[in-house]
Amino acid sequence: MLVSVVGMATACSPLRIAEGIFLGDNFVRKTDVPYGSSAQERLDVYRSRVRSGPAPVVIFLHGGRWRNGSKNEYRLLGDALTRRGLVVVVPDYRLFPEVEFPGWVEDAARAVRWTRTNIRRFGGDSSRIWVVGHSSGGHSAALLALDERYLRNVRLPSDAVSGYVIMAGPVDTTWTDPDVQEVMGASEDWPSTYPVNFIDGKERPILFLHGADDRTVSARNSVRLAALIRERGGCARAIVYRGVSHLGLVFALAVPTLGKASVADDIVAFIRGADDPKCHAAGG
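In our numbering, the protein residues as written are 45 to 328.
Laid out in structure tokens, this is it:
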């Protein structure tokens, strides 16, 4: 299935433009906190100005087709989710060509480790951590969810993360674009880049979100992978939003007041109910 790398490269820049219109002052932001040894391994933490006990935590992995993107583009997202009672962590991570796959997934695992160890200082609950990823960040989140080696390599159990939200991720595809093939390294190693190869039915709950009008990553990725996980006894659900594009999905999360899609509310509902045993019966 073809992934349009041009669209993935430009997916998130309009959020910076929208900040001047929609950004509030609900949150406190701690910037550039180191979580690893490289200069790129820095993260921002968002919390509400009003603290009311340990809050669930979202770690957001940005998109940018593994070559671009920055945590600094997501202040609107931090604002939107802190308004809903969450603490938000947005890491930068190493990108191509500094590293090839799986460098950025390894960085994501280290960001989880940092969060697990430190988030209580920011009002977060270290026992309630969710990883949310958009586009290429969704691919990384899917691998964290399905390939247990990444968390194990940073000495974390699989249940260190309560659940995952994969937004418009290229998670059930093959790499046909030469530009993406370069990022993923030697072709003999590509099987390790495909999340579908690691489904065992024991995954933490996963919510897949996609726009029906996504011309960058087909919604089939989300629908099919959710179905495969359920077939093997796992807990997964896919929601496809009518009239929403690749960029529109993350924009709807960051600026929920526009009412284009209920992305923020659906994520919060998933977080609040992800431990429900009925999750295994959830439909896609």
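C-beta atoms are modelled at their ideal positions from N, C-alpha and C, and glycine is treated no differently.
Quick caveat: nothing in here was measured; it's all calculated off a predicted structure.
Limits of the unbroken alpha helix (DSSP H) element including residue i
i      : result
Gly207 : Per DSSP, Gly207 belongs to no alpha helix (DSSP H); it is in the beta strand (DSSP E), 207 to 211.
Arg193 : 193 to 196
Thr159 : 147 to 162
Gly317 : 307 to 317
Gly122 : 119 to 126
Asp223 : 222 to 228
C-alpha distance - residue i paired with residue j, whole-angstrom precision
i      : j      : result
Thr333 : Asp244 : Any question about residue 333 goes unanswered here, given that the chain covers just 45 to 328.
Lys246 : Gly278 : 6 Å
Thr220 : Leu121 : 32 Å
Arg164 : Val205 : 15 Å
Pro78  : Glu226 : 28 Å
Pro141 : Asp151 : 15 Å
Arg274 : Leu105 : 24 Å
Ala313 : Val307 : 10 Å
Val175 : Leu269 : 17 Å
Thr218 : Asn162 : 37 Å
Ala271 : Tyr118 : 30 Å
Ser81  : Tyr137 : 11 Å
Asp191 : Pro235 : 12 Å
Leu187 : Leu195 : 10 Å
Ala305 : Ala124 : 14 Å
Cutoff 7 Å: residue i Cβ touching any chain B Cβ
i      : result
Phe295 : This model lacks chain B altogether, as it is built from one protein chain only.
Element boundaries [beta strand (DSSP E), containing residue i]
i      : result
Gly177 : 168 to 178
His290 : First-last for His290: 290 to 298, but that is the alpha helix (DSSP H), not the beta strand (DSSP E).
Val202 : One detail in the question is off: residue 202 reads as Ser in this sequence, not Val. No beta strand (DSSP E) holds Ser202; DSSP gives it neither H nor E.
Leu269 : Segment 264 to 275 is the alpha helix (DSSP H) holding Leu269; no beta strand (DSSP E) there.
His254 : 250 to 255
Tyr285 : 280 to 285
Burial state of residue i (16 or more Cβ within 10 Å)
i      : result
Pro146 : buried
Lys74  : exposed
Ala83  : exposed
Ser96  : exposed
Arg154 : buried
Val294 : buried
Thr237 : buried
Ile311 : buried
Arg248 : buried
Thr126 : buried
Pro239 : buried
Glu232 : exposed
Asp309 : exposed
Pro222 : exposed
Gly167 : buried
Val94  : exposed
Ser337 : The shown model of the chain, from 45 to 328, leaves out residue 337, and the question about it has no answer.
Next on the checklist: Does the contact criterion of 3 or more C-beta pairs under 8 Å hold for the segment 180 to 189 versus the segment 210 to 220?
Outcome noted: With a cut-off of 8 Å on Cβ pairs, the segment 180 to 189 is in contact with the segment 210 to 220, counting three or more such pairs.
Checklist entry - Below 8 Å, can you find three or more Cβ-Cβ pairs linking the segment 281 to 299 to the segment 191 to 206? => result Judged by pairs of C-beta atoms under 8 Å, the segment 281 to 299 does not touch the segment 191 to 206, as fewer than three such pairs exist.
Checklist entry - In chain order, which continuous runs of the beta strand (DSSP E) of length 3 or greater are located wholly inside the segment 70 to 98? => result Taking only runs of at least 3 residues, the beta strand (DSSP E) segments lying wholly in the segment 70 to 98 are 71 to 78, 86 to 92.
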